[in-house]
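One structure is given below, encoded as structure tokens.
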Amino acid sequence: MSKIKIVARDSLPNIPWQDKKEGTNHTPIWRYEHNPIIDRNPLENVARIFNSAVVAYKDAFIGVFRGEQVNGVPYIYLGYSKDGIKWDFEKEKVHFIDEQGKEFEPHYAYDPRLVKVEEAYYLIWCTDFYGAAIGLAKTTDFKTFVRLENPFIPFNRNAVLFPRRINGNYILLSRPSDSGHTPFGDIFLSESPDMTYWGKHRHVMGRGQSWWESVKIGGGAAPIETSVGWLLFYHGVSGTCNGFVYSIGGAILDIDNPSKVIYRCENFLLTPEEWYEERGFVNNVVFPCATLTDSDTGRIAIYYGAADSYVGLAFTTVDEVVSYIMKHSVVTDNDLEIGIR
Ligand code: BMA
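Counting in the UniProt record's numbering, the sequence shown runs from 1 upward without gaps.
See the structure below:
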């Protein structure tokens, strides 16, 4: 079979990378050996950074980081890196203005995603809109962040944009929820012609297929366009006597109709095994929020939050991970939309 490829995006020869060591893992994803890349107390007034998203920017890297302030309230901080591994952070939180130029400050902001669509970068996070909801902002220079109107009513979380329009519309995945530690959740898709009005809502994937993701699932990193479909890394949650366990899963969505699941891996791709994933503020969490990709080599670097305390980095190649997902794929009625056959 010919190799699976990342569909033409930018080359990224300086992608953070480490070759796989044989026998390190059951699955096609391997961890950076010097994880965690961001340790506790990374910044004055910030006790932990985790669940954060990065992009390549001007021959280096920039990212939006979930910083848990010492008063316990999460907010978003900007970070810069030359190699994608060692990060320097802004001391000040990200400031938002609204579309009229007036200051806008959410009560809290967490689990940011960052996606370049056309010439702008979109920051998507969990915000307080009378309960957990989706926050959306736009920047072109990482200096001015223009907060856009609430895309959805509450409650919702884990929103992530596709990196390009499909059939003329912007596409956003989200996970409708309650405002607490939601004991349910499927991934849905919405479309917009202008990033303001969202509709054509579709169900993408349901929870409950495999035990490791039987409680809820949620979008992780922005989908990656490959020669066989959109590669989605997401999180799946299982319930145990000691609480939730968050793992990373993988699925392939149809290129032109991404509400359709083509392949879905019945095995997790990464599950908490290392000390920094198993033990922290919240034990047993690996939570993907971003990837970097190099279309020349097919390399993928995955950034994930670990135990709500650290940032971890893991690697794979598009050919290896997509082949694994295809080989272990089980698509069930749970991945079909009610009424659509
Ligand atoms: C989810 C989110 C994540 C967090 C996870 C585990 O509900 O709040 O930010 O990593 O729980 O605590």
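Beta carbons: idealized from backbone N, C-alpha and C, even for Gly.
This one's a predicted model, so the numbers in the text were calculated from it and none came from an experiment.
Helix, strand or coil at residue i [DSSP, three-state]
i, result
"V321", "helix"
"G333", "The sequence given here places Asp at residue 333; Gly does not occur at that position. Correct three-state label for D333: helix."
"K58", "coil"
"E33", "coil"
"W230", "strand"
"K21", "coil"
"M326", "helix"
"Y108", "coil"
"Y263", "strand"
"Y121", "strand"
"E213", "helix"
"E90", "strand"
"E277", "helix"
"F50", "strand"
"R207", "coil"
heavy atom of ligand 1 below 7 Å from residue i C-beta
i, result
"N51", "yes"
"F65", "no"
"D308", "yes"
"E110", "Reading off the sequence shown, one finds Tyr at residue 110, where the question assumed Glu. Correct: Y110 has its Cβ closer than 7 Å to ligand 1."
"V282", "yes"
"H201", "no"
"F287", "yes"
"G305", "yes"
"Y246", "yes"
"H107", "no"
"H181", "yes"
Anticipated Cβ contact below 8 Å, residue i with residue j, distance rounded
i, j, result
"T271", "V286", "7 Å"
"A159", "G219", "7 Å"
"L172", "P154", "Not confirmed; about 16 Å, so no contact."
"G135", "P106", "6 Å"
"T226", "V7", "6 Å"
"C265", "H328", "5 Å"
Cβ-Cβ distance between residue i and residue j below 8 Å
i, j, result
"V215", "G249", "no"
"T140", "Y121", "yes"
"W230", "I252", "yes"
"T27", "L189", "no"
"S81", "A53", "no"
"S247", "W211", "no"
"V115", "P163", "yes"
"Y77", "V94", "yes"
"S309", "F50", "yes"
"L12", "L292", "yes"
"V146", "E99", "yes"
"T196", "L161", "no"
Any non-hydrogen atom of ligand 2 within 7 Å of residue i CB
i, result
"Y77", "For the structure depicted, ligand 2 is absent and the ligand set comprises only ligand 1."
Residue-level contact to chain E via CB, residue i, 8 Å cutoff
i, result
"C289", "The structure shown contains no chain E; it holds only a single protein chain."
Can you find at least 3 beta carbon pairs, one from the stretch 200-212 and one from the stretch 126-139, that sit closer than 8 Å?
no
Count Cβ pairs between the stretch 293-301 and the stretch 316-328 that sit closer than 8 Å; are there 3 or more?
yes
Would you say the stretch 31-44 touches the stretch 83-90, given that touching needs at least three Cβ pairs under 8 Å?
yes
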